[in-house]
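As structure tokens, the structure follows; a few thoughts come after it.
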Amino acid sequence: MRLSEFYGIFSDPTRVKILSALSISELCVSDIARFCELHQTTVSHQLRLLKGKALVAARREGKIIYYSIANPNVAKCLEVGSLYLTGK
Numbered sequence: 190m191r192l193s194e195f196y197g198i199f200s201d202p203t204r205v206k207i208l209s210a211l212s213i214s215e216l217c218v219s220d221i222a223r224f225c226e227l228h229q230t231t232v233s234h235q236l237r238l239l240k241g242k243a244l245v246a247a248r249r250e251g252k253i254i255y256y257s258i259a260n261p262n263v264a265k266c267l268e269v270g271s272l273y274l275t276g277k
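If you want the numbering used here, it's the 1-based position in the sequence shown plus 189.
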């Protein structure tokens, strides 16, 4: 993945919300949807994209799939961006 493609992932507010939620805790689709105030279909679509780019990992526990940040550097990118925008 090219650097511009990587940072392009962060250009969508929905993906940023999902990644922010996952940087706090591992969650299933319904929990992400509730936390981010999004439809489950929207969350599922974005998770498929994020998983395809290896930013999100998934693990199955029975019928439920839990998602998490695949690499701590993804959460770090969100944190650095937030710090930059707040001037800290």
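For glycine and all other residues, C-beta sits at the position ideal for the given N, C-alpha and C.
Note that the structure is a prediction, hence the values are computed from the model and not measured.
query = Can we say the stretch 199 to 213 touches the stretch 256 to 265, given the rule of at least three CB pairs closer than 8 Å?
reply = Yes, since at least three Cβ pairs between the stretch 199 to 213 and the stretch 256 to 265 fall closer than 8 Å, the two stretches touch.
key: Coarse secondary structure for R237, derived from DSSP in three states   = Along the sequence shown, read from residue 1 onward, the residue named residue 237 stands at position 48. Helix at R237.
key: Cβ pair L236, A247 closer than 9 Å   = Reading the sequence shown from its first residue, position 47 is the one you call residue 236. Reading the sequence shown from its first residue, position 58 is the one you call residue 247. Closer than 9 Å, so yes.
query = Using the rule of at least 16 other Cβ atoms within 10 Å of the residue's Cβ for burial, across every protein chain shown, is V245 buried or exposed?
reply = Here residue 245 refers to the residue found at position 56 of the sequence shown. Buried, since its Cβ has 16 or more Cβ neighbours within 10 Å.
task = Return helix, strand or coil for R204, following the three-state DSSP convention.
result = Residue numbering aside, residue 204 sits at position 15 when the sequence shown is read from its first letter. Of the three classes helix, strand and coil, the one that applies to R204 here is helix, per DSSP.
inquiry  = Tell me which residue opens and which closes the alpha helix (DSSP H) that E194 is part of.
reply    = Indexing the sequence shown from 1 puts residue 194 at position 5. Membership of E194 in the alpha helix (DSSP H) is indicated by the continuous run 192 to 198.
inquiry  = Using the three-state DSSP reduction, which class does A222 fall into: helix, strand or coil?
reply    = Within the sequence shown, residue 222 is the residue found at index 33, counting from 1. Here A222 sits in helix by DSSP.
request  = Return the CA-CA distance between R223 and P202, expressed in angstroms with no decimal places.
outcome  = Looking up residue 223 in the sequence shown gives position 34. Looking up residue 202 in the sequence shown gives position 13. Within the model, the alpha-carbon separation for R223 versus P202 is close to 16 Å.
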